[in-house]
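Step one of this worksheet: look at the structure below.
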Amino acid sequence: MSERNLAPRRLRRGMAVVGALALAAGLAALGGGTASASAPHAAAPLAKHHKPQPHGRFGIVPMRSTSTASTASRVHTFSPESGGTGGPLNYGGGPVQHNVQVYLVFWGSQWDSDSNGVESYMQNLFSGLGTGSDSWSTVTSQYTDNSGSGPTFGGAVLAGTWVDDGSAAPQSAAQSDIAAEAENGVSHFGITPTGDTQIVVLSPSGTNPDGFPNSGFCAWHDYDGTVSYTNMPYVLDAGSSCGANSVANQLDGFSIVEGHEYAESMTDPQPSSGWVASDGEETGDLCAWYNLGSISLSTGSFAMQPTWSNSANGCAMSG
């Protein structure tokens with residue numbers, strides 16, 4: 001979508017976006033976080049809610065400079081395990097997400113002055129993922145849980161967008177702070193998280209969530225006991241190490257890195273009880289920074305990495 005189709009930024013401050021609205025009228029009002037068919041609802045008060053209990057960092061996207069060579073050699077050496085699933089991902093007995101709903105939380109007043117178009121880029125990405133134009137997400141559908149069902153897609157996965165600009169995001173957020181902001185998102189959207197909920201906490205430029213960029217990662221995901229959430233730093237601050245200009249433009253890293261975490265949050269939402277390799281790697285880890293390319297969605301073209309497919313015994317860009 002072009003920038004002129006995006007609703008004014010001021011209309012998005014403090015507003016939730018109902019995910020179902022992202023399906024309306026060819027997703028015509030995506031970038032502003034609201035659909036023309038309905039008005040947004042007010043933020044739910046920050047009432048008593050679950051105290052987050054971070055327990056790890058999973059599906060870590062390593063910076064490209066330290067991972068590309070090892071990944072390129074590794075993905076060609078796997079062979080189906082005798083008596084196993086037909087590939088390196090094995091099921092641990094836990095849940096997978098069936099009808100994923102992604103909520104984007106742009107953390108901090110610093111986002112009010114961001115001029116790189118990250119908000120609209122991410123909203124357009126998730127307003128296209130899950131639609132009929134998306135064959136990238138469907139690689140994950142093979143990974144079923146004890147019910148026999150895996151991720152399915154019947155429309156845009158974007159369920160809500162919130163720019164939390166009441167105050168600035170902290171300069172150096174700890175993992176517990178990021179988990180708490182995910183819970184703030186739960187309260188704002190007025191939702192009761194289900195196993196299908198993902199909260200993506202996007203930190204603004206110039207901040208160092210969990211030590212980024214000096215910690216060597218581009219992003220990770222976790223489960224705090226209530227909701228699956230992702231720590232998504234402002235990866236453009238790390239330049240090409242986190243994917244900038246690796247396929248099409250400077251925002252490539254946002255879709256590559258967050259696409260990695262989105263897929264892993266579906267297949268292993270409560271790490272590491274879902275689909276995980278014997279060495280602890282998840283579906284995105286096995287193909288990190290390998291064979292990058294573009295996918296075409298109804299909302300635009302986006303840089304992505306492949307994810308691991310047991311059925312193909314390799315990294316796949318479509319399923």
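First residue of the sequence shown: 1, per my numbering; consecutive thereafter.
Even glycine gets a Cβ: it sits at the ideal position worked out from N, Cα and C.
Start-to-end residues for the alpha helix (DSSP H) that takes in residue i
i       : result
Tyr-121 : 118-128
Phe-327 : Nothing in the structure corresponds to residue 327, since the chain is present only between 1 and 319.
Exposure of residue i, with buried meaning 16 or more beta-carbon neighbours within 10 Å
i       : result
Gly-32  : Unreliable positioning characterises Gly-32 in this predicted model, as indicated by a pLDDT of 34, which lies under 50. A coordinate reading is not provided.
Gln-171 : exposed
Gly-108 : buried
Trp-308 : buried
Ser-127 : buried
Asp-279 : exposed
Asn-116 : exposed
Thr-230 : buried
Thr-192 : exposed
Span of the beta strand (DSSP E) around residue i
i       : result
Phe-58  : 58-62
His-221 : 217-223
Gln-175 : First-last for Gln-175: 175-189, but that is the alpha helix (DSSP H), not the beta strand (DSSP E).
Asn-231 : 228-232
Trp-162 : 158-164
Thr-343 : Not covered by the structure: residue 343. The range shown for the chain is 1 to 319.
Ser-296 : 293-297
Met-321 : An answer regarding residue 321 cannot be provided, because it is not within the stretch 1 to 319 covered by the chain.
Among the options, the one whose alpha carbon lies nearest that of residue i
i       : options                               : result
Val-61  : Trp-289, Gly-206 and Ser-115          : Trp-289
Ala-312 : Glu-264, Gly-154, Thr-299 and Thr-283 : Thr-283
Val-118 : Ser-135, Ser-205 and Val-96           : Ser-205
Trp-275 : Tyr-121, Gln-110 and Thr-140          : Thr-140
Asn-124 : Phe-302, Pro-306 and Val-96           : Phe-302
His-98  : Leu-129, Thr-152 and Arg-64           : Thr-152
Gly-112 : Ser-147, Ser-149, Gly-155 and Ala-169 : Contrary to the premise, residue 112 reads as Asp rather than Gly in this sequence. Nearest C-alpha to Asp-112: Ala-169.
Pro-306 : Glu-264, Thr-299, Gly-300 and Gln-270 : Glu-264
Asn-146 : Gly-132, Asp-165, Gln-101 and Pro-95  : Pro-95
Met-232 : Asp-210, Gly-319 and Gln-250          : Asp-210
Residues sharing a beta bridge with residue i, DSSP
i       : result
Tyr-91  : Trp-275
Val-201 : Val-105 and Asn-231
Cys-315 : Trp-308
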